[in-house]
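Participant:
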Amino acid sequence: MTARETAHIQTRPDVPEQLLRLVNSVIWPGFVGTTVPVWLAQALSDGLAGVVYFSHNIDPESRTQLPALSAAIRAANPAAVIGVDEEGGNVTRLQARDGSTVPGAAVLGALDDVTVSEAAGRDLGLLCHAGGINLALAPVADVNTNPLNPVIGVRAFGADTALVSRHTAAVVRGIQSTGVGACAKHYPGHGDTVADSHLDTARLELGMDEIAAAHLPPFAAAFEAGVASVMSAHIIIPELGEAPATLNPAVGALLRSSGFTGLQITDALDMAAIRATVGPGEGAVLAMLAGADLLCVGNPLNDYSSGGNDFDCYVQVRDALIAAAGSGRLSAGVLTRAAERVAAFAQWSAAHWEATGATAGSPFRWVDDAERACTVSATHGPATLPPGSTDVVVLDARTEHNMAAGPTANFFATALEASVTVHLLGPGDLTAALPAGLPVVAIADALASPGQQAVLADVAAAAKAAGVPAICINAGLAPAPGQLAPLSTIHCHGSSRVSAAAVARLLLAGA
103 MTARETAHIQ
113 TRPDVPEQLL
123 RLVNSVIWPG
133 FVGTTVPVWL
143 AQALSDGLAG
153 VVYFSHNIDP
163 ESRTQLPALS
173 AAIRAANPAA
183 VIGVDEEGGN
193 VTRLQARDGS
203 TVPGAAVLGA
213 LDDVTVSEAA
223 GRDLGLLCHA
233 GGINLALAPV
243 ADVNTNPLNP
253 VIGVRAFGAD
263 TALVSRHTAA
273 VVRGIQSTGV
283 GACAKHYPGH
293 GDTVADSHLD
303 TARLELGMDE
313 IAAAHLPPFA
323 AAFEAGVASV
333 MSAHIIIPEL
343 GEAPATLNPA
353 VGALLRSSGF
363 TGLQITDALD
373 MAAIRATVGP
383 GEGAVLAMLA
393 GADLLCVGNP
403 LNDYSSGGND
413 FDCYVQVRDA
423 LIAAAGSGRL
433 SAGVLTRAAE
443 RVAAFAQWSA
453 AHWEATGATA
463 GSPFRWVDDA
473 ERACTVSATH
483 GPATLPPGST
493 DVVVLDARTE
503 HNMAAGPTAN
513 FFATALEASV
523 TVHLLGPGDL
533 TAALPAGLPV
543 VAIADALASP
553 GQQAVLADVA
563 AAAKAAGVPA
573 ICINAGLAPA
583 PGQLAPLSTI
593 HCHGSSRVSA
603 AAVARLLLAG
613 A
C-alpha cells in the first residue's frame, strides 16, 4: 500500500469510525487484479459492502482462483455482497474469454418456453455460486421496443411486454433457486432509448402512462417472483424531471410505491450519464438522496479519469459521502436505511447459501435450444455451406462492440474452425479478390445500420463476381420489413459461444 493509500484509509481522525463504516456499507466498487488489493482488504474490514467482479478479476485458466478470491473477500468481511454481470448470451464476465455457454435473453424470448428460461437462470446462478458470488446482475427486464436501441437489443427477451414479463420472472426464479440473488434491470425500463448511457445521457421520451403500460410490468413480475434486487437506469424521463432515474427521487418513490422492499442498486457511477454530468462523487450523494441502497462504482479499467486506479475510484465516492454526511446534506437516517437493506440481502444470502449438489451444464448443453431459436431467411439460395466445404471466408461486418458486453472474440469463427479452415477478412479486404472458390460467411449485428447493410451489399457483389455462395449471420435483432440482408441469412439472436455453436451446426448441415 502506498503512503497516500495509507493516509486515506487508515488515518482519518476527522471521520468517526462509526460514520466511516456506515458510508462504506453502501459502496460497491470494482478493483484491479485477481487477488485482494491491500486497500480493498482494509476497506472490507472497515465495513465495505462488497465488490463487483469484472472479467479482469477472473483467471480463466484456473478453477480455484475465483472461489479463493471470494473466500478472501469474505474473510475480510463475512457479510460481503459479491456481484457480477452474468446475463448469459452476449454479456458474461465469468466466461468472457470463451463466450457464454448459457443462451442470451433474446434466444430465450424467441423460444418462449418459461421452463427453458428458468433452467437457463438456474445455470447462471450455478456459475455464480461456484465462484462464491451471491448476486447476479441479471436478468434484463427491459422491453426493447426501439429497434435502434444501441445498448439493450438482444440483451432483452423481446419487444412484447407480456413475453418479457414471464421470462423475467422465470429467470429470477432460476437464479434464486441456487441461493444467488437476482437483479432486475434497468428500472424503470431502458428499452425505448436511442442513446447508450455508458456513453451519453439517454432519454425515454414517453409519458408515464405509456411507461406504466409497456415497461413497468416486467419489473412487477420480477417483484412477484421475489427478486432480491433492482438496478436503476441512468435515463431521463422528462415527465419526472431532467435528472437521470438513478438520481431522481421521483423514480425512487415510484419503485417503492410498487411494493418492492428489496435492494435498490445503481447502475455504474462511472457511466457517462453520471460521470460526464455531476461526476461519480456527487452522483453517489444524489443517488442516496433519491433512494438508492447500494452504489455500484464501476469498472476501474474503463479509460476514464481514474486511469485504472481502483483505489481512487472508491475514494472519490467514499469521500463525497463523508463530506455530505458531515455537512448534514446526507442524513444518518438515509445511510442507515440503505445499510439495513444491504445487510438484509446479506442475511438472505447466508440463509439460502447451501450446497446445491449440481454444477452448471456442459458447454454444449444449450446448443439444441439455441439452434431451435434460430430462423433462416433463404432469400438468396441455401443458408448452408456447399457439400464438401473444407475452407470458408469469414468477414465480420460488426462495427462497434456493446459497452455492456465489452470487447469479445469472434466466437462464430472459433466455432467453425472446429470443422473447417477459416480465412478471416475485414470489410476493407473486399477491395481485393476473394480467395478463389471459397464460400463467404458475413457476420452482422445491426441490419438497421446503413453501414452494415453497405458491407453486406459489397459481400454479395464480390461473391457474385467470384461465383461463390455467401451467407449472412445476423447476431442482432430480427430485421424489420425492408431490412433483410442482401444474402440468405441465419438469425441467431446473439453472439455467445452457444449461439455460435448452433450457427456452425446449421452452416455445416450440408457440408
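Take this note's numbering: the final residue in the sequence shown is number 613, and no numbers are missing along the way. Cβ atoms here follow ideal geometry from the backbone N, Cα and C, with glycine treated the same way. Note that the coordinates shown come from a computational prediction; the quantities given were computed from them, not determined experimentally.
Would you check if the segment 443-451 and the segment 201-211 touch, i.e. whether three or more CB-CB distances between them fall below 8 Å?
Facilitator: Too few Cβ pairs lie closer than 8 Å, so no.
Participant: May I ask you to report which of helix, strand or coil DSSP gives C415?
Facilitator: Note: C415 maps to helix in three-state DSSP.
Participant: Go ahead and pull the three-state DSSP assignment for A305.
Facilitator: For the sequence presented, residue 305 should be read as Arg rather than Ala. In this structure, R305 counts as strand in the three-state DSSP scheme.
Participant: Kindly indicate which three-state DSSP category V524 falls into: helix, strand or coil?
Facilitator: Of the three classes helix, strand and coil, the one that applies to V524 here is strand, per DSSP.
Participant: Report buried or exposed for P131, applying the criterion of at least 16 other Cβ atoms within 10 angstroms of its Cβ.
Facilitator: Classification of P131: buried, given that the 10 Å Cβ count is 16 or more.
Participant: By how many angstroms is the C-alpha of V353 removed from the C-alpha of Y289?
Facilitator: Distance between the alpha carbons of Y289 and V353: 9 Å.
Participant: Give me whichever residues DSSP pairs with D493 in a beta bridge.
Facilitator: Answer is T523, bridged to D493.
Participant: Quick check: the segment 140-154 against the segment 425-439, are there 3 or more CB pairs under 8 Å?
Facilitator: Judged by Cβ distances under 8 Å, the segment 140-154 makes no contact with the segment 425-439, as fewer than three pairs qualify.
Participant: Compute the Euclidean distance between the alpha carbons of A286 and A425, then round it to the nearest angstrom.
Facilitator: Taking the straight line joining both Cα atoms gives about 31 Å.
Participant: Per the DSSP calculation, P346 is bridged to which residue(s)?
Facilitator: Per DSSP, I338.
Participant: How about G190 and A222: are their beta carbons less than 9 Å apart?
Facilitator: Contact flag set, yes.
Participant: Grab me the residues of E341's own chain with a C-beta within less than 7 Å of its C-beta, minus the 5 sequence neighbours each way, in chain order.
Facilitator: So the list reads G309 and M310, once near-sequence residues are dropped.
Participant: So, using beta-carbon positions, are V242 and R224 closer together than 9 Å?
Facilitator: No, the Cβ-Cβ distance between V242 and R224 is not below 9 Å.
Participant: Helix, strand or coil: how does DSSP classify W450 here?
Facilitator: Looking at W450 - three-state DSSP - the assignment turns out to be helix.
Participant: Determine the DSSP secondary structure at C594, reduced to helix, strand or coil.
Facilitator: Correct three-state label for C594: coil.
Participant: With C-beta atoms as the reference, is P346 less than 9 Å away from T295?
Facilitator: Cβ distance not < 9 Å, so P346 and T295 don't count as in contact.
Participant: Are there 16 or more other CB atoms within 10 angstroms of the CB of D369, so buried, or fewer, so exposed?
Facilitator: With 16 or more other Cβ atoms within 10 Å, it is buried.
Participant: What span of residues does the beta strand (DSSP E) with A572 cover, start to end?
Facilitator: Start and end: A572 to N576.
Participant: Skipping 5 residues on each side, what residues in its chain have a beta carbon closer than 6 Å to that of Q120?
Facilitator: Cβ neighbours of Q120 beyond the five flanking positions: none.
Participant: Would L497 pass as a contact of P537 if the rule is Cβ separation under 9 Å?
Facilitator: No, Cβ-Cβ distance for L497 and P537 is not below 9 Å.
Participant: On the three-state DSSP scale, how would you describe V436?
Facilitator: Residue state, collapsed to three classes: helix.
Participant: Below 8 Å CB to CB, which residues in the same chain sit around H593 once its five sequence neighbours on both sides are set aside?
Facilitator: These residues qualify, in order along the chain: C476, T477, V478, S479, N576, A580 and P581.
Participant: Could you have a look at A587 and say whether DSSP puts it in helix, strand or coil?
Facilitator: Of the three classes helix, strand and coil, the one that applies to A587 here is coil, per DSSP.
Participant: Could you say which of T137, S429 and L150 lies nearest to R420 if we only look at CA atoms?
Facilitator: The shortest C-alpha separation from R420 is found at L150.
Participant: With a 10 Å radius around its C-beta and 16 neighbouring C-beta atoms as the bar for buried, classify A316 as buried or exposed.
Facilitator: It is buried - the Cβ of A316 has at least 16 other Cβ atoms within 10 Å.
Participant: State the DSSP-derived secondary structure class of L610, mapped to helix, strand or coil.
Facilitator: DSSP places L610 in helix when its eight states are reduced to three.
Participant: With a floor of 4 residues, list each alpha helix (DSSP H) that falls wholly inside the segment 111-138, ordered by position along the chain.
Facilitator: DSSP runs (the alpha helix (DSSP H)) wholly in the segment 111-138: 119-126.
Participant: Label L526 either buried or exposed according to how many other C-beta atoms from any shown protein chain fall within 10 Å of its C-beta, with 16 as the threshold for buried.
Facilitator: That one is exposed.
Participant: Which full runs of the beta strand (DSSP E) of 3+ residues lie inside the segment 142-191, going along the chain?
Facilitator: Runs found: 152-155 and 183-186.
Participant: Go ahead and pull the three-state DSSP assignment for H292.
Facilitator: If DSSP states are grouped into helix, strand and coil, H292 belongs with coil.
Participant: Could you tell me which residues DSSP pairs with T477 in its beta bridges?
Facilitator: For T477, which the question treats as bridged, DSSP gives the partners H593.
Participant: Is the beta carbon of I160 less than 9 Å from the beta carbon of R123?
Facilitator: For I160 and R123, no; Cβs fall outside 9 Å.
Participant: Cβ atoms of A499 and A535: under 9 Å apart, would you say?
Facilitator: No.
Participant: Using only the alpha-carbon positions, how far apart do H595 and T263 sit?
Facilitator: Their Cα atoms are separated by approximately 18 Å.
Participant: Identify whether V274 lies in helix, strand or coil by the three-state DSSP scheme.
Facilitator: Residue state, collapsed to three classes: helix.
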